[in-house]
Structure formats: structure tokens, C-alpha cells
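Residue numbers (our numbering), protein chains in the order written: chain A, 1 to 380; chain B, 1001 to 1380; chain C, 2001 to 2380; chain D, 3001 to 3380. Don't be surprised by glycine CBs; every beta carbon is placed ideally from N, CA and C. No experiment lies behind these values; they were computed from the predicted model shown. Presented below is the structure to which this report refers.
4 protein chains.
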Amino acid sequence: MKEYKLGIIMNGVTGRMGTNQHLIRSICAIREQGGIQVSPDEVITVDPILTGRNENKLKALAERTGVSRWTTNIEKALADTDNQIFFDASSTLHRSRFVEMAAKAGKAVYCEKPTAVTTEEALRLAKLCEDAGVKNGAVQDKLWLPGIRKLKTLINQGFFGEILSVRGEFGYWVFTGHDEDQPAQRPSWNYRKEDGGGIMIDMLCHWRYLVDNVFGPIKSISCRGATHIGERIDEQGNPYKCTADDACYATMELENGILCQFNSSWTVRVRRDDLFVMQVDGSKGSAVVNLRGCQTQGIGVTPKPVWNPDIEQPINFYEGWSEMPDATTYDNAFKIQWELFLRHVALDEPFPYDLRSGAKGVELAEVGIQSWGERKWIDL
Amino acid sequence: MKEYKLGIIMNGVTGRMGTNQHLIRSICAIREQGGIQVSPDEVITVDPILTGRNENKLKALAERTGVSRWTTNIEKALADTDNQIFFDASSTLHRSRFVEMAAKAGKAVYCEKPTAVTTEEALRLAKLCEDAGVKNGAVQDKLWLPGIRKLKTLINQGFFGEILSVRGEFGYWVFTGHDEDQPAQRPSWNYRKEDGGGIMIDMLCHWRYLVDNVFGPIKSISCRGATHIGERIDEQGNPYKCTADDACYATMELENGILCQFNSSWTVRVRRDDLFVMQVDGSKGSAVVNLRGCQTQGIGVTPKPVWNPDIEQPINFYEGWSEMPDATTYDNAFKIQWELFLRHVALDEPFPYDLRSGAKGVELAEVGIQSWGERKWIDL
Amino acid sequence: MKEYKLGIIMNGVTGRMGTNQHLIRSICAIREQGGIQVSPDEVITVDPILTGRNENKLKALAERTGVSRWTTNIEKALADTDNQIFFDASSTLHRSRFVEMAAKAGKAVYCEKPTAVTTEEALRLAKLCEDAGVKNGAVQDKLWLPGIRKLKTLINQGFFGEILSVRGEFGYWVFTGHDEDQPAQRPSWNYRKEDGGGIMIDMLCHWRYLVDNVFGPIKSISCRGATHIGERIDEQGNPYKCTADDACYATMELENGILCQFNSSWTVRVRRDDLFVMQVDGSKGSAVVNLRGCQTQGIGVTPKPVWNPDIEQPINFYEGWSEMPDATTYDNAFKIQWELFLRHVALDEPFPYDLRSGAKGVELAEVGIQSWGERKWIDL
Amino acid sequence: MKEYKLGIIMNGVTGRMGTNQHLIRSICAIREQGGIQVSPDEVITVDPILTGRNENKLKALAERTGVSRWTTNIEKALADTDNQIFFDASSTLHRSRFVEMAAKAGKAVYCEKPTAVTTEEALRLAKLCEDAGVKNGAVQDKLWLPGIRKLKTLINQGFFGEILSVRGEFGYWVFTGHDEDQPAQRPSWNYRKEDGGGIMIDMLCHWRYLVDNVFGPIKSISCRGATHIGERIDEQGNPYKCTADDACYATMELENGILCQFNSSWTVRVRRDDLFVMQVDGSKGSAVVNLRGCQTQGIGVTPKPVWNPDIEQPINFYEGWSEMPDATTYDNAFKIQWELFLRHVALDEPFPYDLRSGAKGVELAEVGIQSWGERKWIDL
């Protein structure tokens, strides 16, 4: 049995996403399953080392997850040739420095999104890795959500005929913290521009790779942000002024003519199938996708409603839809992308989700903000 | 008992809306209920006369509805001083001529929407009536839909706290007619620009009075139309090219800062409570309104969801909402407005839904189309 | 208004099908709706005359249905030039004579199925009408059943991908009459070969036009008949020997490679959606059609079952199907074909359901019986 | 307590069926229940030894199931006189060699089905065991499915009166693998003739013992196979040509005159009670059997339907049936047959399911394929 043993520097994974999705559900899960069996005779195994600034946090996390290696000395970790991969889940504002160090050290680089706060910087990091000849990637996890995978199956099967339009609704109510017993469920920096906050920079990155990969390249965007709620309570119980957008209304036109509309908001209450739903309407059928499921309605079973406000609507519009059953096993979306990246590093398999592709997400956010300011459509 | 007997010329009501909503469910219903009892001693009664071009249709409709008076000679009907009101439900393209004749004859004028195809013309008609000193009005029926009335009750009660955003979805799948046994359920002219078709001119009129009256004056709009389906089958079974927009994605900013987004489409399949739903989110609560009902969720019962695609969503997001019960009797929306207009004519009660207000609807449609063309926000 | 007034000799319609489907639900219904409006200025009207042997029955039926004309003198009816159409619903064994008379008299000829008991005779009647230059047709009503129309819509929409196989089940339990309070619900001649009985001659006619028109031309057939029940009780309460087949198991191969299997039986009990169901399986989806409805399951929502007899089946296999809603008005199937035939006669519109096409049904029955006897597949 | 301790060589049970049904749910289950108590003073106990070619797989399976004995040296296992029984679940193509060795070694022989790929070979193996004087048997598990046992109860109770006809539907949709997220749920060799695939060889074996044992000896068969789907994706993700039949339409006549029709298909979607249902119609009642349940309808409760496509079918044809309750404990079907075979070996109790009976299944498959090729009925 040939073993590809990959040492992985996991930087800044003490946050919620870093710990749960990247460390526990991805790397630790791969370790527990005995690595990735890539052929009857070959296996890729992982050996993580946790890095960061806070020694106590690192130690606690290492103990909790059974990871034996951790250090606050990132230079030393980078100098160790057993570590071939550098993964960064630290704050976006610190990303550049870490990526530069890792590329210089010849490590393969894998980053959380957004990879930077400006397109220029995001592209600079991509080029830096390319020039250094190191493999690189950016997290684009939503592509492997079960609901999105089901949608892609429908597209491959020609279910939609011609796709006409796409409407996505993401969001939920983030409590402001004014009521003691309804504390805010997101950190306060999200709502401060000066700290890298804002829903546009957060979500438009996702919509970019989602739309580009599933429906086609985006041509132009019209975007309206808003700060619907002006004051929130921070982690210390103090009110602060919200300077970042908490809602974003984006309409996009694709090169193939499909129109996409994505609303993102932390100031809505949810009356739909899930926190994120996306309706795709086509000439032959429609689907409403959520995180794990996908409801479908073909043209043959499409009802013919009558507009008559004088009577109760006789049609139950939730009933004419069929849910796609689970036809395969749906592994954690982050883990799937990790496995693809590890195969890319070990076996040189293709991996299109690189830093250049990640920069496109930053670009959409940047252009979206510009569109808001200039109050017009902007071509990408 | 003092009787205000109003003769009403009903012009062009042989179409579906004119017959069902204005004649049968409004005027005939008022007649059957013995008129409008405006005080213990006073009643307004109605005496309709049907006018139009097709003698056979008029006669058949008169017989069917028990209306004794009908004529193809509109001049004669206008000359009759017993007829104080002229109502027009003919095609928009012929409206001007009729309104001019009626105003000249000193009749109170009441019109279906859109009152004209250009703002200039709509304003001219309004001014013409004002100069002639005749009372006038435009149909704005959706204001009296039970769902909208319930919403206004919530607003009056301060349920929402500060209203932050409004999102409306109108539409359903209009069959193209390509399949013989799924015939189109709307007339073909709706899909031809040259015949006055298009969903923008149709629906933006509604959104204007709805938003203005319920949420506040619209300040500016960004609008994107689309002709998602390029070919349909007409009434004779022949394919025709669709030249009018069949979908409209509009974002509006109100003077009070509320953001409103209204999608209208004849090319979507429906997975929501009804053909039209409108979600209103406020700092203290949210509501999802449909034609007849209204679902509410106050801040106290707002759930705190967790984003975890690895498990089935544990919250059923349809369950945390409470439906407003019917607390009154909801008469037909058209009839309610008719009664207000008849009281306006007979008793001089206020009636803000005049032709000048109707012209605002045309304006929004016109500016919306302009926004689409110029790809930018436009102030009203 | 131009009126095409068609006098129609209705011969032998005192039986159940003749009275209910052809006279009452077709011709009388057309009369009551004011004829067939074929254009704004043209209408086809019908004037039936009932003919037959039993004066009392004719008179009673005429009175019951408000038909003013009836006679036992068929020659006289044929001599009347106001009668342009001769329709025959008499016994198959007498059909030839009537068709000959009608063709000789220059009438358009329309017949119930089977048009004859042998292919030779059926083709002779077709040729006889063709040589006489009279328009002609055979009843093929099941093509206009709502369920079949829905199926055709699905086929037109490409729902199935490639159609692989078709399985039809027709039948129900026809009581033998041995129990006094469970009397037979079909006439005894159906079960006697010598009286023209047998389920093969009855049903294979239907399967022929159904398969040919919906799926494609039949290439060959393997057929097994059976007389499962050997003795029944006749109308006089006497037992009689069943000499005709009461069940038929037919497998057919179409020229396009589709395999069709149709079971027909008067000796089965029904555990399915309706008396007739037909399952169509295709690469992209399946449908189960019954008389009025159609259940569909696309490939995207197809479940992946596990064979495990040790536990209760966890999947409810009736739930993963979506029913097609009624998207149009479904008129009586016989009446629809009548209207097509009347338009054929009055306006010369095409009518492919002629006696030659009807003879194909007789051919399939004949070849089916031959296949049974020779115990092998036979090509048509 | 007298103990009959039977050493059992289990050859080739690392596959899904061998592991789950024969090893875990049969032999291990018997071991866990303390053997088979055949009288108050006598017990049969089992001591399995796993044999096969792959040492790793054998070892892992042995550990997983707590079986202490395993070896790749089958000769040695056969030489051990403590092993009285040889069970073979290896591939059909290797069966002969193993059976020969076992018979020569004087072991009782028990085999999975099909016992061979030709009748000649299957009969040779039967004769070989008979000549060697060793007890022998073939797996015929479906006879002990709860649904089939319930059916046999009905037959014994005379529920059906005279049985007239039997119609069985087996099958479900086996995904082709063209869509990544709808992977094939059966191994690819099933669809390649050259690898022993095909649904006829698989399922006709089952139908033979089922029909012979439950309804009576089969006299003749007419059979049509088909390869409805021409291309599938294999375990390595590569497309391959399907050379084996994936559907089989068989009609059989029994010596007692009953007609049986069994469809088997991997290319149908399921709208029935279970993956396998079998309807039995008799003069006094009908039953629809599935894997575990059995629905019954006696003649007294048989409805009398009316054929009227103009209205919705007023009868719900699923409702007039009564389900047989579980009146006993239904042990695993494989285990039941194992216990019968073990008693046969230890106590010389009768066991009619011998290799000669197993050869009959191969015969039916062989004759069925011949019938398909010659396009005619063939007598057995």
C-alpha cells in the first residue's frame, strides 16, 4: 500500500467554521476513515498541525480533537518539509501576509473565502502562488451541498428545458441583542464596515461561484445594499452603530441570457423551506432547491390557477411538487472539497477552484458595491 | 327615504373583468342589496346602462345580468341626464376618446387601469376632467383585498415596529399553448408590445398605488424586464413572436427609506401561499400577505436557526407563523371601491383614488421601462 | 351565419353504448350546444333520425331524448337526401348489410368497432366505401380519454426520454350470475363464440388504434387467450357453457422497438388506480395512465429502493408520483370524435380514423387469435 | 442433551448475499439462538468455517462476525471430518468444481441459485451428488417470504375456489450511472451476457420453484427478453455496452391449466405495493401478495364497477381489500431453509429442495431464452 502522507498547517481554525467544518468534519473525519483510498493500492493520509496566536485556544482545540501537533510559531511549521499544505481560515484582513509566507515556503495554499477584501489583492495572491508554482485553492463549499448536487443532476438530465430565471433567497433574522434573552447569534464585526463586515462581501462571493458553476458566467450585475438596522449590541453588551450593509438585493444577467436574482439579508424572518432556497424556472420544469432537498414540478404537472380573490385559493401550491429522494450518500460539503484538493496536491488531479477563481467572488462583491454606489448596472 | 339614483354608463364591460368584477359583483350586487344605505334616511341606488360596439354581446350580457338598458349609441347615453357616471373598461388604447366625450358631457368619470399608455396622456386625461370640473377616479382594487386590509391593520397597530423591507412575488405559469391540451390561459395580446401587452405596464400600475398607499411614496426605481419565452401560440392556433416583457424585476426605494422589491412574472411556477405574496419585515415583526390571508411572526416568537447543512433542517419554517383570522366581512374589492366612488359622487365624500393618482401608476410603468433601457436607477 | 345542417341516420342505437355515448352524450349534446361553431360565421348543426327493428324501443328512445324523427324503414331514411350520414351501432354480425346499403345510397358512413368479425370483411367494407366515394370512419373513442390525452401531452413534451416499454391492464370481475344477488353485469353473448363474443375481438381492436396512434405501428404479436370460467348464467337464469375467451394476454413489439404488453380480463379483481391502467416507462420518466388521470415520476425523483424482505418496505411506492392536473376541458371522448367526423363531412377536414384504419383493429384481433392457436409470435 | 454438531464450510460468502443472508442472518443467528432445538433432548449446533481466495476479506469477515475458523485452503477444510456440510455461494461459473470436490469428499452439498448456467450441467451436479450418496440442496428462499407463506395459507384454506390466473410484477429502476449523484445500485456484470448477467437467468430460477411449489408444475412457457437500456456506467465510471437482457416478459401454462404471467425488469418505476407483487385471481377470491403482506378480496366483497370515463371513478380500488395480519413470527427466509437443510442432514428429515429441483430453475431460464429466440411457446 502506497501512502501519500500530507502534513497540513491549519492556521486560524479556532473559530466556529474553522473548527467545525474544516478541522472536525473534514480533516479529522478523513483521518478517522483511514485517509482517502484513491485506488486499491494507494491512500492519502493527513497529519494536521494547528497554528494561531492564542496558545491556550490552540492547546484546548488540539486536545479536544485529538490533534497531536500545534504551535504559535508559524514560521517553524512552514519550515518543516513534512507540511506540504498551508490552510488559512484566519481573518480576511490578515490573509495576505500568511499566503505570502506559505507561497514563499513552497507550500500548497488553500484559503477560506473571501480570499481578500479587494479584487486587486485577491488577484495578487493568486498570481503570487502561480508565480511561486504552488498549488492553490479557495473554499467554495456550497457547490457540494446536497440540494445543489441534486439541482445539477436535474440540469444534466435536461429537466428544465431552457432555464429562464433563477431567484435565490438567503437569510434569517439576526437578533440585535437589545433584548437580553435574545442575544445576537453573529459576531458584531459582521456589522461594521471598518472591521471587514457586510453581507455583500460575505455572500456575493458565494453567489459568484455558485452561479458561474451551475448556470453560467455572470455578465453584469445591479446591486442594492442596505443597512436596515442601525444599531446593535456588541459582545460586551454595548450598543454600536452598524456601518456595514445587512441586506443585499442583487440582480444579475448571465452571458447565456439567464436572469438571476439573489437576496441576502440578516433582517428577514423565514417563511420558506430553509434558510436558503433558490427557485429555478425553465421552459419544461421548475425546481426549488434548499440546503439538502430539491422540490420539482415538471410542465406536465404544472397547475393552471385562476385569479379569484373572492374565494379561498382552491389550489395548495405546496402540493404539486415532488421531492427528489437521496440517490447517493451526501458527505460533508467542506470535506468533499478538501478531498478534491488533497488529490490535487498528491496526485495532480485537476482542481478548478483555485485562488484565481476565488478572486472572481471578491470581484463580484466589489462590483456589487460599486453598482450600489453608482446606482446602475455594471458589467464584469 | 331620500334616494340618490345614479345612472351609470358602463362602457366596454363585456370582457372578463368588466363583466365579472364591475358589472356582476359590483353594480348588480349593489342593486341586489337595495343600494348603499348611507344613513338611516338616505340610500344611493344604481341604474346601469351597458354600452359598446357589439350589439349581440351587449344584448346577451344585459339579458344574462338582468340589466334593462343597453345601447351601441354612446352619444345618446351621454346625452341622457339621468346618467351621471361614465365608467370605462374598454381597451386602454381607446380610453382617451371616451373620457373626453364623458368629461365634455359633464359626467363623473371612472376608469379601469392603466388609464393610458403614457404618463403624459394619463395626466392630460386627469387635467381634462379637473378642468371640466367632473369627479373622477381610477380602479385600484387591490387596496381592498382582504390580505392587504389585514396588513394595514397590522401597520396601524404598530406590529412591525419600523418597517425595513418589502418583497412581493406575483405570478404563475402561463401556458404557451404549444401543447394542445395545455392551452394558454391569457389572451395573446398580452405578449405583444404592439397590442399594448407586457407585464410591466400591467403590474407596475398596481404596485404604485399599493406601495404609495400602504408603505409610503416611491422615490426611485431600478427595473429589469425580460421576455423569457420568445414564442407562444395565439387564439387561432398559430405561433407568434412575443414582443412584450413577460417578467419584471423591480427594486424601489421609498422616501421613508423602506426598500421594496416586486417580481412579476408569467413564467414561474408557484411554490408559495398564493399567486401573490408579499413579505414585510420590520424591527418588531414580519408578515407574509396573500390575497385573502396574512401570516405573522412577532419578534418574540422569531426562531434562532442554525446553519448546518450536514443535518436535516430541524426547524419547520412554515410553523412559526400565526394566521390572522377574519375579523370582519370582506366584501368584493372592486365593489368596495365602487361604493366609495358612488358616495363621492352622491355625497361629495373624499375619494383620493382619482385619475391623477391613476396617472402615477402609468408613470411608474413608464419610468420602470426607462430604467430597464438605461440600466440604472431613476428617480420619480 | 352559414349553417351546415347534417341529417344523421343513427342505426341500432337502442343499446347501452349507442344510447348513452353516441345519441345522448354526442349528438344530442351537440344539438343542445347549438351545433359546432366552426368559425365566427359558420356552424354545423345535426338532425338525427333513429332507425332500427323494434318500433317500441325506437319510439321510447326518441321521446326520452327529444328526437323528433325515427323509423323502422331504413330504406326510406337512406332515400332522404337530407340525411347525409349513416351511423351504425348495430350488432357486428349485421354491419355489412347496412354499410353496403348506406354506401350505395351515397351516405357518409360511420361505424362502431369492431367493424367486422374478419379482416377480409372489414377491408371489403372499407374498399366498398372508398370505391363509392363516400367519407367513412370507425369509432376509436379511447384516443380522447382525458388520461390518454394527458399521456400524449407528456410524449409531446419529451417527458419520457426514450420510451422503453408499455404495460396495460384492463379488466374487472364480471359476475357469473350463480349468486342471485350478484347478477352478471354484461350480456351473455359476450361469453359465447358462436354469438360473436370473446374479449380478444372486443379489446384488441382498441389496443390496435391506441398503440398505433400513441406509441407507433405494431410489428408483431404473441397472444394467449383463455376461458377461465367455463359456466355462467344467462339472462333467463339458465346456466350456459362459455365458449369464448374471457381473458387475453398479449405481448406486442412495435416497429420502433418498444415492447407493449396488454392484459384484458373479465375474471380479475381490481387493485389499481382504475379499470384500465397503462404504465409507460421511459429513460427519463414513467407515467401510469388511467381513464381520466395520469401519474408521473421523472428520473430525478425516482427512488432507489433496497430489497430487504426482513423489514417492512420503508418506501411508499404510491407517494413518489405527481398527478397531472386538468389543464383544459375534457369533453366526452365519443363526442370529440363525432365533431371531428362532422367537420370531415361538412368541411372536408382530414379524418384519419377511417374504415381502413378500423380494419386494422380487426386484423390485430384475428392475428392475436391465430397466435394463440399456433402458439407463436406472428408478424402483422 | 444430545448435540448434533455440524461443521459447515461456507465458501464464497464475502459477497453481499452470502454475508448478510447466509452467514449473519442464518448461520450466526442459529449459533446465537443456541442452535436448533429439535426436541426437548436434542439440539443441532453449527460451527462454520469460511473459505475463499482472498485472505484479507476472509479474515475481516471472520472478525466482524465472530467466526473463529477461516482458510484459503479449501482442500484442507474438506479433509476435516468435523465439517459435514459444504455450502457454496461463489460465482455460478465456479460452482461445478467446488461441488465435485465436496461430493467426492462425502460432504452434504448446499448451493446458491442458479446452480449452473446450463440445465445439462445443473443435472450433472445433481446426479453427481446423488451417485456419491450425499445429501444436497439449492437455495429457494422466496418460498419462505412472509407474503408467500400467507398466500399458501389462503390456498390451504380454499380461499380462492379454483385458481384461474397469476400475474407477477418484479422490478424497479436500476440507475444507469450516467448521473454522478444517481449511481447504479447493482454491479455491472449483471448487464453483461459474457459475465453471466441477465435478468432471465436470475429471475426465472425463482419463478420456477415458486410456481411449482405454490401453484403446480409448469407445462410450457412463452418468453420475451429485452435489453431496454443499451449503455450503462461501470464501477470505474466508464460507459459499457449492455449485452444482457434487463427485462423479461414470461407467460406460462401449468399442467393444471392455471395461466401465470411474470414480468421482471430493471427498467421500470414502481407504482404498486412493493418491489414484487403477485396477484392471484380465483373463482371465489383474489389476493395481491408482496414480500411481507397479502391483500385479499373475497367474492362477497368484490365491487361491481361501471365503466364511465365521463366522471371520476367513484370506487377507490385500493380500499376494497383486506390485509392479512401477521399470525405468526416470520423468521428470515434464508434461515428457515437453512434450518430445514440442517435437520435433513442431522435427522434425515425430508428436504424436497434438492439440486435436482434446483436444476429445474436453470431449465426454465434456458427454455425461456430458447422461447425468446424461436419466438414460440416451448414445452418443458
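Please report the straight-line C-alpha distance between Tyr110/A and Ser1357/B, rounded to a whole angstrom. One-based indexing of the first sequence puts residue 110/A at position 110. One-based indexing of the second sequence puts residue 1357/B at position 357. Near 58 Å, if we compare the C-alpha coordinates of Ser1357/B and Tyr110/A.
When you compare the CB positions of Ser1264/B and Phe1175/B, do they come within less than 7 Å of one another, or not? Taking the first residue of the second sequence as 1, we reach residue 1264/B at position 264. Taking the first residue of the second sequence as 1, we reach residue 1175/B at position 175. Contact flag unset, no.
Who are Gly300/A's beta bridge partners in DSSP? Within the first sequence, numbered from 1, the residue matching residue 300/A stands at position 300. Per DSSP, none; premise fails for Gly300/A.
Cβ shell of Arg69/A (< 6 Å), same chain only, five flanking positions each side left out: Within the first sequence, the letter at position 69 stands for residue 69/A. Non-local beta-carbon contacts of Arg69/A in its own chain, meaning distances under 6 Å to residues more than five positions away in sequence, involve Ile49 in chain order.
So, does the CB of Arg2149/C fall closer than 7 Å to a CB anywhere in chain B? Taking the first residue of the third sequence as 1, we reach residue 2149/C at position 149. Closer than 7 Å: yes.
Run through the region 2064 to 2137 of chain C for me and flag every whole alpha helix (DSSP H) of 4 or more residues, listed as ranges in chain order. 2074 to 2079, 2095 to 2104, 2119 to 2132
With a cut-off of 7 Å, does the C-beta of Gln297/A fall near any C-beta of chain B? Position 297 of the first sequence holds residue 297/A. Yes, contact with chain B.
Between which two residues does the beta strand (DSSP E) carrying Asn213/A extend? One-based indexing of the first sequence puts residue 213/A at position 213. Looking at the DSSP string, Asn213/A is not in any beta strand (DSSP E); the run it does join, the alpha helix (DSSP H), is 199 to 214.
Cα-Cα separation between Cys3260/D and Pro352/A, rounded to whole angstroms: Start at 1 with the first residue of the fourth sequence, and residue 3260/D comes out as number 260. Start at 1 with the first residue of the first sequence, and residue 352/A comes out as number 352. The straight-line gap separating the alpha-carbon atoms of Cys3260/D and Pro352/A is approximately 57 Å.
Work out the CA separation of Phe1334/B and His1022/B for me, nearest whole Å. Sequence index remark: in the second sequence, residue 1022/B carries index 22 (1-based). Sequence index remark: in the second sequence, residue 1334/B carries index 334 (1-based). So the alpha carbons of these two residues sit roughly 7 Å apart.
Mind checking if Ala3226/D is an interface residue toward chain C, Cβ cutoff 7 Å exclusive? The residue given as residue 3226/D occupies position 226 in the fourth sequence. At least one chain C Cβ lies under 7 Å of Ala3226/D.
Cβ neighbours of Ser222/A in the same chain (closer than 6 Å, five flanking residues each side left out): In the first sequence, counting from the first residue as 1, residue 222/A sits at position 222. These residues qualify, in order along the chain: Thr251, Ser371, Trp377.
Cβ of Ala1132/B within 7 Å of Cβ of Ala1359/B? Taking the second sequence and counting its residues from 1, one reaches residue 1132/B at position 132. Taking the second sequence and counting its residues from 1, one reaches residue 1359/B at position 359. Contact: no.
In angstroms with no decimal places, state the Cα-to-Cα distance between Pro1350/B and Glu1003/B. Residue 1350/B sits at position 350 when you count from the first residue of the second sequence. Residue 1003/B sits at position 3 when you count from the first residue of the second sequence. One C-alpha to the other measures close to 20 Å.
For a test of the three-state rule: what should DSSP assign to Asn2020/C, helix, strand or coil? Within the third sequence, residue 2020/C is the residue found at index 20, counting from 1. Here Asn2020/C sits in helix by DSSP.
Could you have a look at Asp1381/B and say whether DSSP puts it in helix, strand or coil? Here chain B has residues from 1001 to 1380 only, and residue 1381/B is not among them.
Indicate the three-state DSSP secondary structure (helix, strand or coil) for Phe276/A in the structure shown. As a first step, residue 276/A is located in the first sequence; it is residue number 276 there, counting from the start. Here Phe276/A sits in strand by DSSP.
For Ile311/A, count the other beta carbons within 10 Å of its own beta carbon; 16 or more makes it buried, fewer makes it exposed. Which is it? Along the first sequence, one-based indexing puts residue 311/A at 311. The residue is exposed, with fewer than 16 neighbouring Cβ atoms inside 10 Å.
Since Ile3030/D is in the alpha helix (DSSP H), which residue starts that stretch and which ends it? Reading the fourth sequence from its first residue, position 30 is the one you call residue 3030/D. 3029 to 3032 is the extent of the alpha helix (DSSP H) around Ile3030/D.
With 16 other Cβ atoms within 10 Å as the buried cut-off, status of His3094/D: Residue mapping note: residue 3094/D aligns to position 94 of the fourth sequence, counting from 1. That one is exposed.
Separation of Ser3322/D from Gly2015/C, as counted between CA atoms: Translated into the one-based positions of the third sequence, residue 2015/C becomes position 15. Translated into the one-based positions of the fourth sequence, residue 3322/D becomes position 322. Approximately 37 Å between the Cα atoms of the pair.
Any chain D beta carbon closer than 7 Å to Phe2317/C: Counted from its first residue, the third sequence places residue 2317/C at position 317. Yes, because at least one Cβ of chain D sits closer than 7 Å to the Cβ of Phe2317/C.
Are any of the Cβ atoms in chain A nearer than 7 Å to that of Gln3182/D? One-based indexing of the fourth sequence puts residue 3182/D at position 182. Closer than 7 Å to some Cβ of chain A, the Cβ of Gln3182/D qualifies, so yes.
Cβ-heavy atom distance, Ala346/A to the ligand MN, below 6 Å: For the structure depicted, the ligand MN is absent and the ligand set is empty, with no information on it obtainable.
Is there contact between the region 1193 to 1212 of chain B and the region 1236 to 1253 of chain B, where contact requires at least three CB pairs shorter than 8 Å? Flag = yes, the region 1193 to 1212 of chain B and the region 1236 to 1253 of chain B touch.
Nearest to Thr92/A by alpha carbon, out of Gln157/A, Pro114/A, Glu374/A? Counted from its first residue, the first sequence places residue 92/A at position 92. It is Pro114/A whose Cα lies nearest to the Cα of Thr92/A.
Would you tell me roughly how many angstroms separate the C-alpha atoms of Thr1296/B and Leu1151/B, rounded to the nearest one? Taking the second sequence and counting its residues from 1, the one referred to as residue 1296/B is at position 296. Taking the second sequence and counting its residues from 1, the one referred to as residue 1151/B is at position 151. In a straight line, the C-alpha of Thr1296/B is about 10 Å away from that of Leu1151/B.
Using a Cβ distance threshold of 8 Å, determine whether the region 1135 to 1150 of chain B contacts the region 1230 to 1239 of chain B, with at least three qualifying pairs required. With a cut-off of 8 Å, the region 1230 to 1239 of chain B and the region 1135 to 1150 of chain B do not count as touching, because too few Cβ pairs lie within range.
For the region 3234 to 3266 of chain D, which segments carrying the beta strand (DSSP E) assignment without a break, of at least 3 residues, lie completely within its bounds, in sequence order? 3239 to 3241, 3247 to 3254, 3259 to 3265
Sheet register partners of Ala3365/D (DSSP bridge): Working through the fourth sequence from its first residue, we reach residue 3365/D at position 365. Per DSSP, none; premise fails for Ala3365/D.
Per DSSP, Gly2171/C is paired with what? As a position in the third sequence, residue 2171/C is number 171, starting the count at 1. Ser2265/C.
By the three-class DSSP mapping on this structure, what secondary structure does Tyr2191/C have? Sequence index remark: in the third sequence, residue 2191/C carries index 191 (1-based). It is helical.
Which residues in the same chain as Lys1104/B place their Cβ atom closer than 8 Å to its Cβ, once the five residues preceding and following it in sequence are excluded? Position 104 of the second sequence holds residue 1104/B. The residues are Ala1132.
Run down chain C in chain order and give the residues with a C-beta less than 8 Å from the C-beta of Pro325/A. Position 325 of the first sequence, counted from the start, is the residue given in the question as residue 325/A. Here the neighbours are Val2301, Thr2302, Pro2303, Lys2304, Gly2320.
What residue range does the beta strand (DSSP E) around Leu3006/D cover? The sequence position of residue 3006/D within the fourth sequence is 6, counting from 1. Its beta strand (DSSP E) spans residues 3002 to 3011.
As a quick exercise: from Val301/A, Lys142/A, Pro183/A, pick the residue whose alpha carbon is nearest that of Trp1307/B. For the purposes of this step, residue 1307/B is taken as residue 307 along the second sequence, with counting starting at 1. Of the candidates Val301/A, Lys142/A, Pro183/A, the one whose C-alpha sits nearest the C-alpha of Trp1307/B is Lys142/A.
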